[in-house]
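Remember, the numbering used here sits 3 above the position in the sequence shown when you count from 1.
Positions of the beta carbon are idealized from the N, C-alpha and C atoms, including for glycine.
Remarks on the structure that follows.
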Amino acid sequence: MDKEKSAFKQDREKYYRIKFGTTTPRFSQKLALWITSFGFHVVMVYRFVKYCKRFHSRHKILGFIPLIICKIANYLTRLIHHVDITDASISPGLHISHASTIYIGAVKIGRNFSLGHNVTIGIGHQSGKIGSPKSIGDNVWVGTGSVIAGAITIGNKVTIASGSMLSKDVPDNALVMGNPARVVDPNYDNSHLL
4 MDKEKSAFKQ
14 DREKYYRIKF
24 GTTTPRFSQK
34 LALWITSFGF
44 HVVMVYRFVK
54 YCKRFHSRHK
64 ILGFIPLIIC
74 KIANYLTRLI
84 HHVDITDASI
94 SPGLHISHAS
104 TIYIGAVKIG
114 RNFSLGHNVT
124 IGIGHQSGKI
134 GSPKSIGDNV
144 WVGTGSVIAG
154 AITIGNKVTI
164 ASGSMLSKDV
174 PDNALVMGNP
184 ARVVDPNYDN
194 SHLL
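This is the structure:
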């Protein structure tokens, strides 16, 4: 529980910082975010599902009921928001700006990851020909409408512009854009986006 609790705390603080400019907003601000932010709802469900799976792996009988609740919550997330990120391993600091039509396959993603809506990361489950990226580094921002496919590696502090189709490795600090995506700035500072 501590791992997921710590990860969720960092996710939550990132939402507060982006939305309110502080990690300690007023109660009314917190409540409004918790009720109205669909991206935040998806992140909560993602962390809860990870916790339930870990709990169930340690306590088969006691973990059965939480696992069922998680499966229902995850199903509703897919049904309502059209978001499926449960196969991914995402480090703390996850931020989804708009939760709609997002698919992230089985990929390891680093800390402080942000993305917009209508994003696909990893495709081709069965064939293995296209597949998911090997890894995505820390402090990565993915713009709306982007597709990331193939067994590629994305470095740290990378920015993927909206509408990009990425299928090649990306070095650290790069800004990539286009279809096919290519590096347009090899030393881009994306700290203002995160």
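DSSP places Val179 in the uninterrupted beta strand (DSSP E) bounded by 178-181. Within the region 44-111, the runs of alpha helix (DSSP H) that reach at least 4 residues and sit entirely inside it are, in chain order, 67-79. The region 114-124 makes no contact with the region 57-75: fewer than 3 CB pairs, one atom from each, lie closer than 8 Å. Per DSSP, the beta-bridge partners of Ile163 are Val145, Val179. Contact check between the region 34-48 and the region 92-108: three or more CB pairs, one atom from each, fall below 8 Å, which counts as touching. Apart from sequence neighbours up to five positions away, the residues of its chain that approach Ser149 with a beta-carbon distance below 6 Å are Val122, Ile163, Ser167, ordered along the chain.
Counting along the chain, the unbroken beta strand (DSSP E) around Arg185 starts and ends at 184-188.
Here the C-alpha atom of His59 lies approximately 15 Å from the C-alpha atom of Lys6.
Within the same chain, Cβ atoms closer than 6 Å to the Cβ of Ala109 are found at Asp90, Ser135, the five residues on either side in sequence being excluded. According to the DSSP assignment, Phe116 belongs to no alpha helix (DSSP H), since it is labelled neither H nor E.
Rounded to whole angstroms, the Cβ separation of Ile155 and Ser170 is 7 Å, and the two are in contact under 8 Å. It is roughly 10 Å from the alpha-carbon of Ile38 to the alpha-carbon of Gln32.
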